[in-house]
Structures are given as C-alpha cells and as structure tokens.
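Protein sequence lines, in the order shown, are assigned to chains A and B.
So in this note's numbering, spot 190 of the first sequence is number 349, and the numbers just go up one at a time.
So in this note's numbering, spot 1 of the second sequence is number 93, and the numbers just go up one at a time.
Glycine residues also receive a C-beta, built at the ideal position from the N, C-alpha and C atoms.
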Amino acid sequence: MDGIHDLGGKQGFGTIERNLPEKAFAARWEAAVFTMTRTARSCGALQNTDQFRFAVERIDPVAYLTHSYYGRWLGAVENLLVEARVVSSEELAERVVASGGDADALIAARPDPALGPIAAETASGARRPVSAPPLHELGQRVQTAAAPSSGHTRLPAYARNRCGVIRALHEVWVLPDSNAHGAGEQPEHLYTVEFSGEELWGAGAEPGTRVCLDLFESYLSAADLEKGNNP
Amino acid sequence: MSDTSIPALRAEALESLLIEKGLLSEAEIDQTLEFYNERVGPMNGARMVARAWVDEDFRRRMLADGTGAVDEFKFVGGEVQKLVVVENTPDVHNMVVCTLCSCYPWAVLGLPPKWYKDPAYRSRSVREPRAVLAEFGVELDPDKEVRVWDSSAEVRYMVLPERPAGTEHLDERALAEIVSRDAMIGVAVCESSAVRQGL
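Here it is in structure tokens:
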C-alpha cells in the first residue's frame, strides 16, 4: 500500500540522530511489545511475518512517525489481537484511562473489523521448494511493475517502473503480497536487481551509486532494450 | 521527534490485560530483555569478519555462501534463512538498509540500533548514501562506487569491511575487537585502534 512506511527516497527527515550508548531495548515496555508478538503468534492472531509487516503498515501514519519503532510494533500487535478478538479496543481504552493515561491521546492501532485470523504457514520460514525454473537469468535487464498495490508489497515506490539488472537468483520464497493477506503462499523466484542512481533519482543522483533490491518474479518483466536506460 | 510516553502507557495496559488472560507472563518479558540486552549483539558478525581476515578459504566460503558460513559457528539465536555477505574493496563500498520496515541480520548483529529504524536513515540511504556516510564520518574517494542493499525480502545482508593497515600483528580474537557493528552495516570503516563498544 502507498503508506507512510514506504520511506525510501522521501526527503526532509534531516540529520540521523544517533544516541549512544545503545541497548536493544531502551525501556522495559519495548521488550514487552517484542514479547507480545510471540503472544500474538501463540494465540493464532499472527501467522506469518508478512501479516505482521502489513499490520504495521496499517497503523495511524502520524503515530508511525512519532511513536518510535516499538510504538509501531505495539500498533501492529494491537491491530492483530483486536482483529482476532483476543482483546477489545474498549477494554484496552478503559485500562489506559484507569492507569492515568489520556483518553484522547493518539492511538497507533487501527484494527480493521473486516480482518481476522488467517491460515497457518505450510512450513516454517519463507523458503519453499523450487517447482519451476526461473523466468529471468543473471545479467538480464528487467523492468519493475508500474502500478501501485493497495495491499502489502515489497516493491518500494521508488523502484516502481524502473529498469535494472539481475545480479543474483535466490530460488523460491513465499510471496508477501499474497501471504500477508492469508491469500495463499504463492511461492515465486526471488532476484537481486541492481539499479543505477540515475535510473532511480534522475540527473541529480549522487554519482557512482547503485541500489540493490530483492524482488519477486511477479514484480518484474523483461526490459524493453529500445527504451530502457542503461543502468 | 518521538514521544514514547503514549505507547509506553498503552503497552503496559495491553501487557496487564494479556497477563490477566493467561496469555503472557512477566517472566517471558524479563527473558526477552535479558537475552537481547545482555546476550546477543554484533559479536557474532565480528567473529566472522575477523576469521575472514585471517583465513582466505573461509573468506571465499563466506562470500559465496553467507548462510553456510554462519553454520560453521554455533551462535546462540543464530538462525538465519539466508545471509549474503558483501565485501568492501578499494573500488566498492557497501551499506545496508531496509526502507520498507527495518529488516536487519539479527543472527549476526543482534537487534538493530535505533537510528537504523528511524525515518531519516531509511529514507536517505538509498537516495544520498554518500551524504549519509559523510554524516557518519566516512569520506569516500569520489571514484569509489557505493552499493546500497535495501533488504526488501527475507535475505539479510552483512558487510565484510576492509582490514585496516597496521593490524598485521593481531590474531583473530584481537581483530574481532576492532570490528564495529556500524562497519558491518556499512556506515563505518574499521580502524586499527578502535575497540568495539558493547556486546
């Protein structure tokens, strides 16, 4: 989906803030949220990583930018637990107010009443057996899909409708675009595709830069050599 | 930019509800905290880099099959579906990002630092990597190519930094101490005098 999470190439975020020293968890609540993703797994509200990433993408976009990383995860866990009817938004709101919280504070979660638990994975992890040969080969020029997706996808907006070169083949993996929605694993070949800075960002690109992305077969078509730029 | 008081309070409220429902325990949270704050970090990756610097056969194996190289070590919590190690050379500098979320090679580097997950690093790394590197204090020769790896699927990336000059006398164990987490993300270079902070 064209959500706030799709940050590649967005401008205006300024200097990178580095706070040292760093621990994995700066506060206990962050470790609590991390642990709750396992709770969501064990009670069936969460079945796969793609479903979790899509649950993060569906949170409030303002909260996405302001509630920090584990705030985003909290929004996702809450989405999934409410959609699976493990907890209700009402009982959670009551608990927040009872512990002194502001009832009007921005909530990251935006549970979708139309969504609920999905089917379990057919195997652990995302790799699947190879059942068909890859359509593309090493060194081949490919073009990425131009159309945005309204659901989950791993083709970032900045790399849509661009030409690149296949630099590695990674065999077959579950397709996130389908798996996130419980619409089946639909495994596909995965490729590393290399793009030139100029192809992605135009004449203003930093010279001598290349960006490599891991892209699924259905995102790609053989590039038209007549019109493509040479990355 | 971020105010974590709102999610902190809500997380605690959700935690208490899940504990009441018998789905979560405080002990589980304590274990998570202890495991990731005290036991897992970039030392696994640093050990692999140090071995690659002293053992040419291992370096070749690691670049050809990063996942297999991980398996040669018996790391705690070291499961990785596929690891690709990319090598810095006099001609190419590599750096790793995940623009869509915050994918990171947990098995070899532990959990990512906060800045890796923040919008500034995620948005800028693919568009102006040299400017980002300069902010981290890495000034590259203009002729050097910069290759950015945007982790958009389940393959995870780690950078094999260049071995710094003046380290010929160091053994594998001592070398691992100068390999920083940031060098393995690709936003720093290794220096002979450095001592890795943290785990």
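Out of B:183, B:135, B:196, B:178, which has the shortest C-alpha to C-alpha gap to residue 168 of chain B?
-> B:135
Name the DSSP beta bridge partners of residue 237 of chain B, please?
-> Residue pairing by DSSP puts residue 237 of chain B in a beta bridge opposite B:184.
Who does residue 250 of chain B pair with in a DSSP beta bridge?
-> B:177
Starting from the beta carbon of residue 160 of chain A, find every residue of chain B whose beta carbon is closer than 7 Å, and list them in chain order.
-> Simply none; closest approach about 11 Å.
Could you tell me the distance, in whole angstroms, from the CA atom of residue 327 of chain A to the CA atom of residue 199 of chain B?
-> 22 Å
Would you mind reading off the limits of the beta strand (DSSP E) that contains residue 354 of chain A?
-> 347 to 355 is the extent of the beta strand (DSSP E) around residue 354 of chain A.
Measuring only between beta-carbons, confirm whether residue 373 of chain A sits less than 8 Å from chain B.
-> yes
Determine whether the Cβ of residue 114 of chain B lies closer than 8 Å to any Cβ atom of chain A.
-> no
Could you tell me which residues DSSP puts in a beta bridge with residue 286 of chain A?
-> A:332
CB contact check: residue 124 of chain B to chain A, cutoff 8 Å | Taking 8 Å as the CB threshold, residue 124 of chain B lines the interface with chain A.
Verify the CB distance criterion: does residue 191 of chain B have a CB-CB separation below 8 Å to chain A?
-> yes
Element boundaries [beta strand (DSSP E), containing residue 368 of chain A] | 368 to 375
So the alpha helix (DSSP H) residue 119 of chain B belongs to, where does it begin and stop?
-> 118 to 126
Check whether the Cβ atoms of residue 218 of chain A and residue 200 of chain A lie closer than 8 Å to each other.
-> no
Within chain B, partners of residue 166 of chain A - CB distance below 8 Å | 191, 192, 211, 214, 215
Please report how far the alpha carbon of residue 220 of chain B lies from the alpha carbon of residue 208 of chain B, in whole angstroms.
-> 15 Å
Take residue 237 of chain A and list the residues in its own chain whose beta-carbon comes closer than 6 Å to its own, dropping the five residues that flank it on each side.
-> 268
Closest by C-alpha distance to residue 468 of chain A, when choosing among A:163, A:177, A:331, A:347 = This structure leaves residue 468 of chain A out entirely; chain A is present only between 160 and 390.
Relative to the C-alpha of residue 130 of chain B, which residue among A:330, A:183, A:302, A:197 is closest?
-> A:183
Could you check if residue 388 of chain A is buried or exposed, using at least 16 other CB atoms within 10 Å of its CB as the buried criterion?
-> At residue 388 of chain A the pLDDT is 49, less than 50, meaning the model places this residue with poor confidence; the figure from the coordinates comes in the next sentence. Exposed.
Contact with chain B by residue 238 of chain A, beta-carbon distance below 8 Å = no
Please compile the residues from chain A whose C-beta is within a distance smaller than 9 Å of the C-beta of residue 236 of chain B.
-> Neighbours of residue 236 of chain B on chain A, chain order: 367.
Interfacial residues, the region 303 to 314 of chain A to chain B, with Cβ spacing under 7 Å = 313
Given residue 323 of chain A as reference, the closest of A:355, A:245, A:312 once Cα atoms are compared = Selected option, being the one with the closest Cα: A:355.
Could you check how far apart the C-beta atoms of residue 168 of chain A and residue 317 of chain A are, in whole angstroms? I think they sit under 8 Å.
-> Contact flag correct, Cβ pair sits at about 4 Å.
Proximity test, Cβ basis, 8 Å: residue 253 of chain B and chain A | The C-beta of residue 253 of chain B comes no closer than 8 Å to any C-beta of chain A.
Expressed to the nearest angstrom, what Euclidean distance is found between the alpha-carbon atoms of residue 310 of chain A and residue 214 of chain A?
-> Spanning the alpha carbons of residue 310 of chain A and residue 214 of chain A requires a straight line of approximately 11 Å.
Select from the region 128 to 140 of chain B all residues with a C-beta closer than 7 Å to any C-beta belonging to chain A, and list them in chain order.
-> 128, 129
When the distance is taken between beta carbons, is residue 252 of chain B closer than 8 Å to residue 144 of chain B?
-> yes
What residues from chain A crowd round residue 108 of chain B, counting only those whose CB sits closer than 7 Å?
-> 254
What in chain A is Cβ-close to residue 168 of chain B, meaning under 7 Å?
-> What residue 168 of chain B touches in chain A: nothing, since even the nearest Cβ is about 14 Å away.
C-alpha gap between residue 247 of chain B and residue 176 of chain B, whole angstroms = 7 Å
DSSP-derived helix/strand/coil call for residue 109 of chain B | DSSP places residue 109 of chain B in helix when its eight states are reduced to three.
Is residue 210 of chain A helix, strand or coil by DSSP?
-> helix
Using a Cβ cut-off of 8 Å (strictly closer), state whether residue 102 of chain B contacts chain A.
-> yes
With a CB to CB cut of under 7 Å and the five nearest residues on each side skipped, what residues in its chain are close to residue 192 of chain B?
-> 244
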